[in-house]
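For the protein sequence lines, the chains are P and C, in the order given. Count the first sequence with this note's numbering and you get residues -5 to 241, in order. Count the second sequence with this note's numbering and you get residues 4 to 439, in order. First comes the structure, then the notes that go with it.
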Amino acid sequence: MNDSNGSKNMLSMQNISKIYRTDVVQTHALREFSLEVKEGEFVAVMGPSGSGKTTFLNIAGLLESFDTGIYMLDGEDVSHLSDDGRSRIRNERIGFIFQSFNLIPDLNVFDNVDVPLRYRGLKSADRAKRIQDALETVGLASRMKHLPSQLSGGQQQRVAIARALAGEPRILFADEPTGNLDSLMARQVLDMLESINASGTTIVMVTHDPELARRAHRSVHVLDGQVMDLKAVPDTGGKRDNGKAQA
Amino acid sequence: MFLYNLRLALLSLKRDPVLTLLMVGAVAVGIGMSTTTLAVYHSMSGNPIPQKSGQLFAVQLDNWSPSQPYNDPDDPPTQVTYRDAQNLMHAGKAKHQNASFTSAMVLQTDKPDVKPDLIVARATFDDFFPMFDVPFEYGGPWNKDADQNAEQVVVLDHEYNQKLFGGANSVGKEIILNNRRFRVVGVLKPWAPSPKYYDLENDQFGDPEDMFIPFNLVSGMQLHSNGNNSCWGPPADNSFQGYLNSECVWIQFWAELPTKAEQDDYHQFLDNYVQDQKKLGRFPRPLNNRLNDVTDWLAYNHVVSKDSEALVGLSFMFLAVCMLNTIGLILAKFLRRSGEIGLRRAVGASKAALFRQYLVETGVIGISGGLLGILLGWAGLIGVRHLINSSDHYTHLDWTMVGVSLLLALLSSMLAGIYPAWRVVRIPPAIYLKVQ
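And the structure:
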């Protein structure tokens, strides 16, 4: 699915709706939500608490199902995939970075980065090389045997980034990736995300922070479960042209 | 992937030592109880001579009273009379046959430092040894002539040979039984069939006899049975010969009949024999001769009591209760790791992969609980032994039981793990990640 400029859509959501139901109330988390993200884009998704950005990220990352609409990811219709199919795509094409790092406390750095690779059926030597490369990319190759508790917050987030990178994902979803970091660490992590994006990986980042959003190619504002506005970032210091997405 | 899951399981168990201890403890208590009762049941119900249990037959002849059966509803006696034992031996219709009974005897030696001792001897025929695959350490059984001539020869068991001769080859040496000199012709290797199927009248799970002597010495030495002795009428006179000629049953009789044809022929022979005896005024009841192989014989004599079976049932119910507790503990443990579950699902673990991971973990809990349970079971068996002052033949733990207990622990814990594992893997990963 290419646009008029010929660039391929990495993510395309058309009229996605998601309703959370309880016995007494229905909550419309997403209403007719539409968004396109081009291959290689770095998009920031912003919005106040409860606006639906986390629901969007969960649906985009195939962590959650939706009620209506069409979702194309990397050219494939993933709207009606089985659970196993979703797992496979998450494993092979998607990387996640969470605000709270989500490292497994018992496993050392090497084994934490190894987690997604374990479910891909790769041989031991292949896994080891990918882990080594990913940890070198984030500058933590010398900390392979450390436990998460022996690392600073910034280092833990870099391990989480290495875990996401080791699977060589086509798209990276980041949920407030600097939310638990001080400003210095946050800058380092953001530099790293930009570098990853520069190498061709599409990034969709949910954030509250306008400063962070400014470093994306464009930002998308979500309110009451709908995309309200698409704002192109005029000059990002040598970044690629902004993709065009529509609500 | 199995080794990876195993490593994760060990790490997980290490993470929550108290919870782990509770789970392993619950499994161990259940398995310990089951192991104790199963070990007793296993020993009681085991086949003591599997290689030929279908070829050895206990013989029953119904010489009992015309007015009532030996046992209701119409069971013949479980032993035979002296007269019938001798007649069947003389007929020699089976490949091997033997009549035997136990008798208490006074043992003396030429050694002044060895005090006289009361021993239990089995009076039998030479066929006893090859029929029941009795293993010899030195020498062998006596021969047919010794049976025929009621020679004073003896076969010692391993323990008494140790006691009297320090375990050395004592063949040719002499001992004194009831003031008569007996020449040792053989010494047994340690031998203790359990149950003691060839004589269920005397301590079914006890040790075999201390010594074995020719059956035909019974008359000359006036040997009395120290086992079960049942009569339905008084002997003709009070002499020992009168007792031998009576309708009292006190002798166990066995025939080795390898083929179905031989079994049928032997049954026919018994019927013919009883018909002949009827002409002599004996056997007033209708024909009711029976042949039971070893397995049937053990069942017929209720060697495994209903109480034992009920106890095994109860112990399994107790295991089920322990496992129900374990299910709750496992579920609590798994849910405490919701973040890890969400993360693994997010990075691509399928439900099946996670389900396997958690089953491996419950399997490790099961094996750990099983090993501890076996120790508890072993202690339980020691307790049972002291409590009922029993022989260790049916209160010991063999390797089969160790294997069965471990398998039981593994299966029951994995069964207990199915619901918690199923429950945690089916929750959408986004729910777990929100918890973080």
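Think of the CB as a built atom: it goes at the ideal place given N, C-alpha and C, for glycine as much as any other residue.
- Message: Per DSSP, what are the beta-bridge partners of residue 31 (chain P) in this structure?
- Response: P:5
- Message: Using only the alpha-carbon positions, how far apart do residue 43 (chain P) and residue 421 (chain C) sit?
- Response: 38 Å
- Message: Counting only beta-carbon separations shorter than 8 Å, does residue 431 (chain C) have a partner in chain P?
- Response: yes
- Where the beta strand (DSSP E) through residue 162 (chain C) begins and ends: Counting along the chain, residue 162 (chain C) falls outside any beta strand (DSSP E), though it belongs to the alpha helix (DSSP H) covering 161 to 168.
- Residue from C:320, C:96, C:434 whose Cα sits closest to the Cα of residue 40 (chain C): C:320
- Item | Close beta carbons around residue 358 (chain C), own chain, < 8 Å, minus the five adjacent residues each side | 424, 425, 428
- Task: Taking only beta carbons into account, state which residues of the stretch 107 to 138 of chain P come closer than 8 Å to chain C, listed in chain order.
- Result: 109, 110, 112, 113, 114
- Message: I need the boundaries of the beta strand (DSSP E) containing residue 142 (chain C), first residue and last residue.
- Response: 139 to 142
- Should residue 189 (chain C) and residue 158 (chain C) be called a contact, given that it needs their Cβ atoms to be closer than 8 Å? yes
- Query: Where does residue 81 (chain C) sit, in a helix, a strand or coil, going by DSSP?
  - Reply: coil
- Item | Closer than 9 Å at the beta carbon, the chain C residues around residue 181 (chain P) | Residues of chain C passing the Cβ test: none, with the nearest at roughly 24 Å.
- Is the Cβ of residue 439 (chain C) closer than 8 Å to any Cβ of chain P? Note that residue 439 (chain C) has pLDDT 44, beneath the 50 cutoff, so the model's placement of it is unreliable and the number below is only indicative. Judged by the 8 Å Cβ criterion, residue 439 (chain C) is in contact with chain P.
- Quick one: using the 10 Å Cβ neighbour count with 16 as the cut-off for buried, is residue 15 (chain C) buried or exposed? buried
- Item | Limits of the alpha helix (DSSP H) - the one that residue 167 (chain P) falls within | Not the alpha helix (DSSP H): residue 167 (chain P) falls in the beta strand (DSSP E), residues 165 to 169.
- Using a Cβ-Cβ cut-off of less than 8 Å, give me the residues of the stretch 53 to 68 of chain P that come near chain C, in sequence order. 55, 57, 58, 59
- Let me know if residue 126 (chain C) comes out buried or exposed under the rule of 16 or more other beta-carbons within 10 Å of its beta-carbon. buried
- Kindly examine the ligand SAM and report whether one of its heavy atoms sits closer than 7 Å to the Cβ of residue 47 (chain P). The ligand SAM is not part of this structure, which contains no ligands at all.
- Test: residue 3 (chain C) CB closer than 8 Å to a CB of chain P: This structure does not reach residue 3 (chain C), given that chain C is present from 4 up to 439, and the question cannot be answered.
- Task: Look up residue 210 (chain P) in the DSSP assignment and say whether it is helix, strand or coil.
- Result: coil
- Query: Would a check of beta-carbon distances place residue 243 (chain P) closer than 8 Å to chain C?
  - Reply: Because chain P is modelled from -5 through 241, residue 243 (chain P) falls outside the range shown and cannot be assessed.
- Where residue 196 (chain C) falls: helix, strand or coil (DSSP): coil
- Query: residue 52 (chain P) and residue 30 (chain P): beta carbons closer than 8 Å?
  - Reply: no
- Using a Cβ-Cβ cut-off of 8 Å, state whether residue 30 (chain C) counts as contacting chain P. no
- How about residue 196 (chain P) and residue 159 (chain P): do their beta carbons lie closer than 8 Å? no
- Task: Please go through the same chain and pick out, in chain order, the residues whose beta-carbon is closer than 6 Å to the beta-carbon of residue 92 (chain P), but skip the five residues on each side of it.
- Result: 169
- Item | Exposure of residue 69 (chain C), with buried meaning 16 or more beta-carbon neighbours within 10 Å | exposed
- Message: Considering only DSSP beta bridges, list what residue 65 (chain P) is partnered with.
- Response: P:7
- Message: Only counting the same chain, and skipping five residues up and downstream in sequence, which positions put a Cβ closer than 8 Å to that of residue 179 (chain P)?
- Response: 146, 147, 148, 151, 172
- Task: Alpha carbon to alpha carbon, how far is residue 152 (chain C) from residue 246 (chain C)? Give it in angstroms, no decimals.
- Result: 22 Å
- What's the C-alpha gap between residue 67 (chain P) and residue 138 (chain P)? 33 Å
- Would you list, in chain order, the members of the stretch 332 to 356 of chain C that have their beta-carbon closer than 8 Å to a beta-carbon of chain P? 342, 343, 345, 346, 347, 348, 349, 350, 351, 352, 353, 354, 355, 356
- Message: Residues of chain P with CB closer than 7 Å to the CB of residue 7 (chain C), please, in chain order.
- Response: 112
- Query: Are residue 156 (chain P) and residue 116 (chain P) close, meaning C-beta to C-beta below 8 Å?
  - Reply: no
- Task: Note down the Cα distance separating residue 100 (chain P) from residue 416 (chain C), rounded to an integer number of angstroms.
- Result: 24 Å
- Hey, residue 250 (chain C) and residue 234 (chain C) are a contact pair by Cβ (cut 8 Å); roughly how many whole angstroms apart? 6 Å
- Message: Suppose the cutoff is 8 Å on Cβ atoms and the five residues either side in sequence are ignored; what does the same chain contact list for residue 294 (chain C) look like?
- Response: 60, 61, 62, 63, 258, 260, 266, 269, 270, 273
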